[in-house]
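Residue numbers (full-length UniProt numbering): 1 to 82.
C-beta atoms are modelled at their ideal positions from N, C-alpha and C, and glycine is treated no differently.
Since we're looking at a predicted model, the values are computed, not measured.
What follows is one structure encoded as C-alpha cells, with my remarks underneath.
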C-alpha cells in the first residue's frame, strides 16, 4: 500500500481546514471606546493612535466623528464575546 498523491492531498486539505478553523476561533472582536486621556478635537489619526497605545494600552486608535463634524479620539481594544 503506497503513499499516493490522493492521500497526500486529502491529508493536506484536512490539515489546512483545521488550521483555518483554529485561526478563525482565536481572533477576537475589536471594541472601540472614546479615549479617556484625550482632550479636545481629534485632528490627526497618528497622534490619537500614539495616545491610545501608550496611555490606554489599546491596540490602535483613530479619529472618528462623534455625531457632529467635530472628531473625537477613539481607542480600539481586543474584547471577548459574552
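Next item on the list: Just grab the DSSP bridge partners of residue 32 for me.
Entry: Note: residue 32 sits in a beta bridge opposite 76.
Margin query: Could you compute how far the alpha carbon of residue 17 sits from the alpha carbon of residue 31?
Written below: Going from the Cα of residue 17 to the Cα of residue 31 covers about 28 Å.
Item checked: Endpoints, beta strand (DSSP E) assigned at residue 63 -> That run of the beta strand (DSSP E) goes 60 to 65.
Notebook entry, point to check: Under 8 Å, do residue 78 and residue 59 count as touching if we go by C-beta distance?
Noted result: Residue 59 sits close to residue 78, with the two beta carbons spaced by under 8 Å.
Checklist line | Assigned exposure category for residue 81 - 16 Cβ within 10 Å defines buried | finding: Because residue 81 sits at a pLDDT of 48, beneath the cut-off of 50, its placement in the model cannot be relied upon, and the following sentence gives the value as read from the coordinates. Exposed is the label assigned to residue 81, since fewer than 16 other Cβ atoms lie within 10 Å of its Cβ.
Item checked: For residue 17: DSSP bridge partner residues -> None, per the DSSP bridge assignment.
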